[in-house]
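Participant: Below is one structure. I have some questions about it.
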Amino acid sequence: MAIGPSSTPSPVPAGIPCWIELACREQAVAERFYGALFGWEYTTQRDPATSDGRYAIAALNTVPVGGLYRAAQGAPLGWMPHISVPHTASAAEWVEHLGGRITLGPVAIPDRGTIMHALDACGAPVVFWEVPPNWEFVTGIPNTFSGADLNTHDGVAADHFYTKLFTYGSHQIGDGETLDYVEWLIEHEPVLYRYVMGSEYSRDTPPHWLVYFDIDPARGVDAVAGEAIMHGGTVVIQPYDTPFGRMSILADPEGAVFAVIDHSRVTEGWGRAEVDDPYDD
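Residue numbers for the sequence shown, in this note's numbering: 4 to 284.
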């Protein structure tokens, strides 16, 4: 749920979240919402892989924090973390060997390295990126990426796939039964998290990622939740306290779900809020 404040180093170590990306219906709507909520500014690049040939780079104080693009008709919408790999061709072989499936690429993108889309062994979409030497991606400061959970119905399959692919260490945070929540680590530092969806999700909810954004303690998660409503979004889960900090799950005006977290507001004990499935349409 948290990786430390940094600008992603170069070369980027394998298994590190190296980018986040929002697939949306109306790019202008998404840009206005996240610009108002997080203070992002945008530059637009040409990208023939997107439905309208446009790709927006979101930046905070001129440093890239993520991307937004208009998805093709019928394509999945929402936030997706990208995970670094040293070689996409080799990663593609390992993905298939470990029970995943390649859905796009590897594809070389001018000045942005090589990218590959896949479904992992539990059926969740995931993007792998072999980034260029001059890659920039700021994380872990207010209004930027904080971390991501893989929400799945099959924790065993997910753990096997990612720990073998990236030689992650794995540490159970929950009790493994009523709460099956695992952190994946590199050199004892958590980089991603895996959650087995509980009764708050319907059994037909597809596996998916939940992306978290850091919130300034002086501003607070409760205030951000209120601002999201003012800007056309919704509060999926009201703010609540966790051992990682005070958090809330929100949705943008098009329904893309994301989380915000204030790491200064920690509490002992752990519990997942019992709410309606945010992915149940």
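Don't be surprised by glycine CBs; every beta carbon is placed ideally from N, CA and C.
Do you know how far the Cα of Ala161 is from the Cα of Glu230?
Facilitator: Going by the C-alpha atoms only, they are around 35 angstroms apart.
Participant: Using 8 angstroms as the Cβ pair cut-off and three pairs as the minimum, do the stretch 172–189 and the stretch 132–142 touch?
Facilitator: No, because fewer than three Cβ pairs between the stretch 172–189 and the stretch 132–142 fall closer than 8 angstroms, the two stretches do not touch.
Participant: Per DSSP, which one or two residues make a beta bridge with Asn366?
Facilitator: Because the chain here runs from 4 to 284, residue 366 falls outside it and cannot be looked at.
Participant: Could you give the distance in angstroms between the alpha-carbon of Arg268 and the alpha-carbon of Thr208?
Facilitator: Looking at the two C-alpha atoms, the distance is approximately 30 angstroms.
Participant: Fully enclosed by the stretch 127–177, which beta strand (DSSP E) runs are 3 residues long or longer?
Facilitator: Here the runs fully enclosed are 128–133, 148–155, 172–175.
Participant: Is it buried or exposed for Gly77, if we count other Cβ within 10 angstroms and need 16 for buried?
Facilitator: That one is exposed.
Participant: Using the DSSP secondary-structure output, state which residues sit across from Thr245 in a beta bridge.
Facilitator: According to DSSP, which records beta bridges pairwise, Thr245 is partnered with Gly248, Val269.
Participant: State the DSSP-derived secondary structure class of Gln76, mapped to helix, strand or coil.
Facilitator: It is coil, neither helix nor strand.
Participant: Mapping the DSSP letters down to three states, classify Arg206 as helix, strand or coil.
Facilitator: Reduced to three states, the DSSP call for Arg206 is coil.
Participant: How far does the alpha helix (DSSP H) with Leu40 in it extend, from its first residue to its last?
Facilitator: 30–41 is the span of the alpha helix (DSSP H), which, as asked, contains Leu40.
Participant: Under 7 angstroms Cβ to Cβ from Asp157, same chain only, skipping five residues before and after it: list those, please.
Facilitator: Here the set comprises Cys125.
Participant: With DSSP collapsed to three states, give me the class of Asp114.
Facilitator: Correct three-state label for Asp114: coil.
Participant: Locate the alpha helix (DSSP H) running through Gly81, then write down its first and last residues.
Facilitator: Looking at the DSSP string, Gly81 is not in any alpha helix (DSSP H); the run it does join, the beta strand (DSSP E), is 81–87.
Participant: Taking C-alpha atoms, which residue in Glu96, Glu271, Ile240 lies nearest to Ala262?
Facilitator: Among Glu96, Glu271, Ile240, the Cα nearest to that of Ala262 belongs to Ile240.
Participant: Return the CA-CA distance between Ser251 and Gly236, expressed in angstroms with no decimal places.
Facilitator: The alpha-carbon atoms of Ser251 and Gly236 are separated by roughly 13 angstroms.
Participant: For the candidate residues Trp22, Cys21, Thr46, whose alpha-carbon lies nearest to that of Ala31?
Facilitator: When each option's Cα is compared against that of Ala31, the closest is Thr46.
Participant: Name the residue from Trp187, Pro193, Asp183 whose alpha carbon lies nearest to the alpha carbon of Val199.
Facilitator: The option with the nearest alpha carbon to Val199 is Asp183.
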